[in-house]
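One line per chain: the protein sequences are V and G, in this order.
With numbering that gives the first Met the number 0 applied, the first sequence has no gaps in its numbers, which climb one by one up to 246 at the end.
With numbering that gives the first Met the number 0 applied, the second sequence has no gaps in its numbers, which climb one by one up to 249 at the end.
Built from N, CA and C at the ideal position, the CB exists for glycine as well.
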Amino acid sequence: MNAWAAIRTIMKRELAGYFTSPIAYVFLVIFLLLTGFFTFTIGNFFERGEASLVSFFTWHPWLYLFLVPAAGMRLWSEERRLGTMELLLTMPVTTWQAIIGKFLASWLFLALALALTFPVAITVNYFGDPDNGVIFAGYVGSLMLAGAYLAVSCMTSALTRNQVISFILSVMICLFLILAGYSPVTDLLSQYASPVVVEIVAAFSVMTHFEGFQRGVLDTRDVVFFASVIGFMLFVTGVIIRNQRAG
Amino acid sequence: MIKVEHLVKAFGPKLAVNDVSFSVERGEVLGFLGPNGAGKSTTMRMVTGYYPPTSGRITVGGHDMVENPIAAKRLIGYLPENAPGYADMTVNGFLNFCAELRGLQGDARKRAVHRAVELCFLENVLYQSIDTLSKGYKHRTCLAQSLIHDPDVLILDEPTDGLDPNQKHEVRGLIKRLGESKVVIFSTHILEEVEAACSRVIIIDRGHIVASGTPAELKARSPEGKLDEVFRAITLPDTVKHDVSHEVHA
Ligand SMILES: Nc1ncnc2c1ncn2[C@@H]1O[C@H](COP(=O)(O)OP(=O)(O)OP(=O)(O)O)[C@@H](O)[C@H]1O
Ligand SMILES: [Mg+2]
C-alpha cells in the first residue's frame with residue numbers, strides 16, 4: 000500500500016470519529032457562537048462602519064487558544080488510553096503516516112468549522128464593498144494559525160494518556176506563542192531588553208505572523224513560519240511516540 | 000519463518016526480556032507459557048514491531064523487523080493483550096478500517112471482512128459499537144482483525160482470555176487448523192490449551208527461556224506426567240526466591 004492510501008485511511012477514520020460522537024457538533028456550535036459573539040458584540044462589527052472582517056479575525060488567536068486544543072487533545076492520548084496505538088503501529092504503516100493522517104483529519108475538521116463562518120463574509124459583502132482578497136488572506140492566515148496550534152496539541156497529546164493534561168499543556172504552549180509577540184508584552188519587554196532581543200522573541204510568536212495575513216499580505220515568510228511550526232511539532236510528536244516505545 | 004536471536008528489552012534498569020532466542024517454521028504452533036510479568040507480551044510486542052528491541056535481531060519471513068518493518072508487518076496478524084479496539088466504531092467499521100490498512104480494497108475487502116466475521120462468529124454484533132460489546136465479543140472482534148488479511152504469521156496474546164467455554168474450544172480449533180499452513184505464536188495461562196493446540200512450548204520466567212520442547216517432552220519431566228507440575232517446578236513463585244531455574248533447564 001502506498002503512503003498516501005495509508006494516510007487517507009487513517010484520516011478518514013479519525014474524521015469520522017469526530018462525527019460519531021457529540022464532540023463535533025458541540026465544538027461547531029460553540030465555535031460559531033463564540034466567533035459571532037466576539038465579532039459582533041465585543042468587536043463592534045457594525046459600529047465600526049468598515050467593510051472588513053478585522054473585528055472577526057482579531058479574536059481568532061484567543062478563540063483558538065482554547066478551542067483548538069479541545070479538538071486536538073484526544074488525538075494520541077485516546078489512542079494510548081484505548082491501547083489501539085499498539086494495533087495501529089503494528090499495521091503496515093509508518094509512524095509518520097499515522098501522525099500526518101491524524102493531524103490532517105483534525106485540521107480538515109477545523110477548516111470545516113472555519114468554513115461555516117461564511118455568513119460573516121456574506122454579511123460584510125451585503126452591507127459594504129470589502130476587499131475580498133484581504134478576506135481571503137485572512138481566512139488562509141486563520142487556517143494556518145489553527146494548524147500551528149493543532150500541531151502543538153498533537154504533540155502534547157502524545158505525551159500523556161490523560162486528555163486534561165494534554166489540553167492544559169497545549170493551552171500553555173499556545174499562550175506562549177501568542178504572548179511572545181503580543182504588543183502589551185513586547186512593549187513591556189522592550190523596557191528591559193534590547194530591541195534585537197525583543198524582535199527575536201517576537202519572531203517566534205504567531206501574532207507577528209498572523210497580522211500580516213490580516214492586512215491582506217500573503218507573505219511567504221509568514222507561510223513558512225506556520226509550516227515550520229507544524230512541521231517541527233509533528234516531528235517532535237514522532238520522536239515522543241518513538242521514545243515511549245523504546246523504554 | 001520467524002527467527003529471534005538474543006532478544007533483550009530493558010525498561011530503565013529492568014530487563015523485561017533477557018536474551019531470548021527461538022525460531023518457528025511454517026506448520027508450527029508455538030505456545031508461550033510463563034507467570035505474570037515473565038515477559039511474554041513484551042516479547043510479542045517486539046516480534047510484531049511495536050517495541051524496538053534494546054538489542055537482538057528479529058526476522059519475519061526474511062525481513063528484518065528493525066530495518067524493513069513494513070514488509071515484515073505485512074506478514075503478521077496480531078492480537079494484542081486486552082484486545083484493544085476503537086470505542087466509537089462499529090465492529091463492521093473497525094474491520095473495514097483494518098482491512099483497508101492492510102491494503103485490501105473493494106470486493107477483496109468485503110470478502111475479507113465477511114470471512115473474518117464468520118471465523119469469529121460476529122454476525123450478531125456487526126453494527127454494534129465496540130464500547131458496548133461484552134468482553135468476549137470485544138476479544139473476538141480484535142481476533143477477527145488479526146485474521147483479516149489471511150496472514151502467514153499469527154501472533155496472539157492470550158487469544159482465549161475472556162471467552163466462554165464454547166468459544167475457547169472454537170478458538171483452539173481455529174489455532175490448530177491455521178497452524179497447519181501458517182506460523183502461530185500464542186501465549187496463554189491455560190495449560191490444557193497448550194496440550195490441545197501447540198506443537199511446541201516455550202516457558203518464560205523473568206525474561207529468560209527456562210524450558211522448551213513439545214508438550215509431551217515437557218510432561219515427561221514430571222513423575223506424574225502433568226504439565227502444571229512441570230510449570231510450577233520450573234517457574235518458582237517469588238516467595239521462594241533463589242535462582243534454581245537454570246538448574247532445571249540444565
Ligand atoms: N512499558 C513498560 N514500561 C516499564 N515496564 C514494563 C513495560 N511493559 C512491561 N513492563 C514490565 O516488563 C515485565 C514483563 O511484562 P509482560 O507484560 O511482558 O509480562 P507477561 O509475561 O505478558 O505477563 P502477563 O502474564 O501478566 O500478561 C513486567 O515486569 C512489566 O512490569
Ligand atoms: Mg501479557
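- In terms of side-chain proximity, the C-beta atom of residue 207 (chain G) is found no nearer than 8 Å to any non-hydrogen atom of ligand 1.
- Pairing residue 195 (chain G) with residue 171 (chain G), the inter-Cα distance amounts to about 7 Å.
- As computed with DSSP, residue 31 (chain G) is found in a beta bridge with G:186 and G:201.
- Secondary structure note for residue 106 (chain G): its alpha helix (DSSP H) is the uninterrupted segment 105–118.
- Secondary structure at residue 49 (chain G): coil, using DSSP grouped into helix, strand and coil.
- The residue from G:50, G:219, G:211 and G:73 with its alpha-carbon nearest to that of residue 61 (chain G) is G:73.
- Rounded to the nearest whole angstrom, the CA to CA distance from residue 129 (chain V) to residue 56 (chain V) is 14 Å.
- At a cut-off of 9 Å, the C-beta of residue 35 (chain G) has no neighbouring C-beta in chain V.
- The continuous beta strand (DSSP E) containing residue 58 (chain G) extends over residues 54–59.
- Residues of chain V with a Cβ closer than 7 Å to the Cβ of residue 72 (chain G) are, in chain order, 89, 90 and 91.
- Residues of chain G whose Cβ lies closer than 8 Å to the Cβ of residue 16 (chain V) are, in chain order, 85, 87 and 88.
- With distances taken between CA atoms, residue 123 (chain G) lies nearest to G:90 out of G:90, G:75, G:218 and G:98.
- Contact annotation for residue 82 (chain V) against chain G: 79, 81 and 83 [CB-CB distance below 7 Å, chain order].
- Around the beta carbon of residue 41 (chain V), a 10 Å sphere encloses fewer than 16 other beta carbons of the protein chains shown; the residue is thus reported as exposed.
- Chain order gives no chain V residues near residue 121 (chain G), where near means a beta carbon separation below 8 Å; the closest approach is about 17 Å.
- Under the DSSP definition of a beta bridge, residue 62 (chain G) partners with G:59.
- For residue 167 (chain V), the enclosing alpha helix (DSSP H) starts and ends at 162–178.
- With contacts defined as CB atoms closer than 9 Å, residue 26 (chain G) and residue 181 (chain G) qualify as a contacting pair.
- Take the alpha-carbon of residue 214 (chain V) and the one of residue 61 (chain V): they are about 18 Å apart.
- For residue 188 (chain G), the Cβ falls inside the 8 Å cut-off from some heavy atom of ligand 1.
- Collapsing the DSSP output to three states places residue 75 (chain G) in a strand.
- Here the distance from the Cβ of residue 156 (chain G) to the nearest heavy atom of ligand 2 is below 8 Å.
- Within chain V, the residues placing a beta-carbon under 7 Å from that of residue 99 (chain G) are 8, ordered along the chain.
- In this structure, residue 6 (chain G) sits away from residue 36 (chain G), with a CB-CB distance that is not shorter than 9 Å.
- Taking 9 Å as the threshold, the shortest C-beta distance from residue 10 (chain G) to chain V falls below it.
- With the criterion set as a beta carbon lying under 8 Å from some beta carbon of chain V, the members of the stretch 38–51 of chain G are 44, 47, 48, 49, 50 and 51, in sequence order.
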